[in-house]
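Numbering (our numbering), first residue to last: 18 to 299. The structure under discussion appears below in the form of structure tokens.
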Amino acid sequence: MTTGPAPAPRTPAGGAGLAALITAPDTALIALDYDGTLSPIVSRPADAMPAPGAVEALRALAARVGTCAIITGRPVDALLELTGLANGNGERAGLENLTVLGQYGLQRWDGATGATTSPEPLPGIATVRSQLPEVLRDAPPGVTVEDKTQALVIHVRRAANPDAALGALAPALRRLAEENGLEAAPGKRVLELRPPNHDKGRALRELVEERTARSVLVAGDDLGDLPAFDAVDELRGLGIAGLTVCSDGPEVPAALRERADLVVDGPLGVVTLLNLLAARIG
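Written as structure tokens, this is what we have:
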């Protein structure tokens, strides 16, 4: 495990959040994004394996803090398969304090029980699924659809000109989402058609209230993590210390980088930070 001092946040509020986490870990909540934060960004979502040491760092930290959570847009089952956090035999040693919130909080897996809960998809999802082939009929090669059951994600990363492809497709996709009671949420060279009013900010606030956390660390790398950063600001106003962390990289939105109390060098930087925190807590 990496040892040494944890990196210093660049804001006083972030410094207070880090101090609270270290001095009172039993009431701390560590909330982490997956893609781009615990795993490098890749062309195919199915290939997004955890960064070296990420799962081990999660296990170490989950054993030392009140709650460790992964809050992701991915379905819970896909996340668990990629990380191996819950294998076929149900082994969950050291994961009692770990929670996975998939689909921005629509789905949930608890390490203490190994149980997954998931609602029925909104009716609009089935309609959008059936209409997407026609909407994407003239899309350039490399545009793909990821079906998350609760949401549908249009990926343009493998198109010859990803930004142009997304720009051309976005108006029709936004209309399709709106007509069917969904929202179209942007991300890194993706547009996700998903149930409205479900984002990482809401998921974080609900988990903080449930666990009565007194300090929060949030780490992310994309526009979808900004609502969680907003939630940290709101929680600070309620007396809950907070630290926001940007997992930096060439595609990270400037708005997220600028908002972060602490910027680390991609998923490997996040792993290093988690190991340093676990070592400091002891």
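Note that beta-carbon positions come from the ideal geometry of N, C-alpha and C, so glycine has one too.
Residue span of the beta strand (DSSP E) that contains Q148, given as start and end: DSSP places Q148 in no beta strand (DSSP E) but in the uninterrupted alpha helix (DSSP H) bounded by 140-152.
Determine the closest residue to D127 out of E137, P213, L102, with distance taken between C-alpha atoms. The candidate whose alpha carbon is nearest that of D127 is L102.
When the Cα atoms are used, what is the spatial distance from T116 to L190? Using only the alpha carbons, I get a separation of about 32 Å.
Which same chain residues end up closer than 6 Å to L15 when comparing Cβ atoms and leaving out the 5 residues on each side of it in sequence? Beyond the ends of the chain as shown, which are 18 and 299, falls residue 15; an answer cannot be given.
Whole angstroms are fine: how far does the CA of L290 sit from the CA of S232? In a straight line, the C-alpha of S232 is about 17 Å away from that of L290.
Roughly how many angstroms separate the alpha carbons of L262 and E151, rounded to a whole number? This sequence places Val at residue 262; Leu is not what is there. C-alpha separation (whole angstroms): 40 Å.
On the CB-based measure, 16 or more other CB atoms within 10 Å of its CB, does R192 come out buried or exposed? Exposed is the call here.
Would you check if the distance between the CB atom of K205 and the CB atom of E268 is smaller than 8 Å? Remark: C-beta atoms of K205 and E268 approach each other more closely than 8 Å.
Cα-Cα, which of D94, D282, R253 is closest to G32? With distances taken between Cα atoms, G32 lies closest to R253.
Using CA atoms only, rank isn't needed, just tell me which of Y51, L208, A202, E223 is closest to A63. The option with the nearest alpha carbon to A63 is Y51.
Determine, using beta-carbon pairs with one atom in the region 177-187 and one in the region 228-248, whether at least three such pairs fall under 8 Å. The count of Cβ pairs closer than 8 Å, one atom from the region 177-187 and one from the region 228-248, stays below three, leaving the stretches out of contact.
When we look at the beta-carbon of P284 and count the other beta-carbons within 10 Å, is it buried (16 or more) or exposed? By the Cβ neighbour-count rule, P284 is buried, with 16 or more other Cβ atoms within 10 Å of its own.
Is it right to say R14 is buried, meaning 16 or more other beta carbons lie within 10 angstroms of its own, or is it exposed? Any question about residue 14 goes unanswered here, given that the chain covers just 18 to 299.
Whole-angstrom distance between A129 and P203, CA atom to CA atom: Spanning the two alpha carbons is a distance of roughly 33 Å.
My understanding is that P57 touches A68, with C-beta atoms under 8 Å, so please give their C-beta distance in whole angstroms. Between P57 and A68 a beta carbon distance of about 6 Å is seen, short of the 8 Å cut, so the two are scored as contacting.
Please tell me whether Q124 and S135 are closer than 8 Å, where the distance is taken between their beta carbons. Cβ atoms of Q124 and S135: closer than 8 Å.
Under three-state DSSP, which class holds A296? Three-state DSSP puts A296 in a helix.
Could you name the residues of the same chain whose beta carbon sits closer than 8 Å to that of G107, not counting the 5 residues immediately before and after it, in chain order? Caution is warranted here: a pLDDT of 45 is assigned to G107, below 50, making its placement in the model unreliable, and the coordinate value is therefore given only provisionally. If we look at G107 and ignore the five residues flanking it on each side, its Cβ neighbours are G131.
Are the beta-carbon atoms of T40 and P92 separated by less than 8 Å? The beta carbons of T40 and P92 sit no closer together than 8 Å.
First through last residue of the alpha helix (DSSP H) which encompasses P188: DSSP places P188 in the uninterrupted alpha helix (DSSP H) bounded by 179-196.
Per-residue burial, P158 [other beta carbons within 10 Å of its own, 16 or more giving buried]: Counting every other CB atom within 10 Å of its CB across the protein chains shown gives P158 a total below 16, marking it as exposed.
M66 versus V173: straight-line alpha-carbon distance, rounded: Roughly 20 Å between the two C-alpha positions.
Considering only residues of the region 245-285, which uninterrupted beta strand (DSSP E) runs meet the minimum length of 3 residues and lie entirely inside it, listed in chain order? Counting whole runs of 3 or more residues, the region 245-285 contains the beta strand (DSSP E) stretches 258-264, 279-281.
How close, in whole Å, do the beta carbons of R228 and T84 come, if the pair is a contact with beta carbons under 8 Å? The distance from the Cβ of R228 to that of T84 is about 5 Å, consistent with a contact at the 8 Å cut-off.
With 16 other CB atoms within 10 Å as the buried threshold, where does E209 fall? So E209 counts as buried.
Delimiting residues of the alpha helix (DSSP H) encompassing T100: 93-100 is the extent of the alpha helix (DSSP H) around T100.
I'd like the span of the alpha helix (DSSP H) that includes E73, first residue to last. Where E73 is concerned, the enclosing alpha helix (DSSP H) stretches over 71-79.
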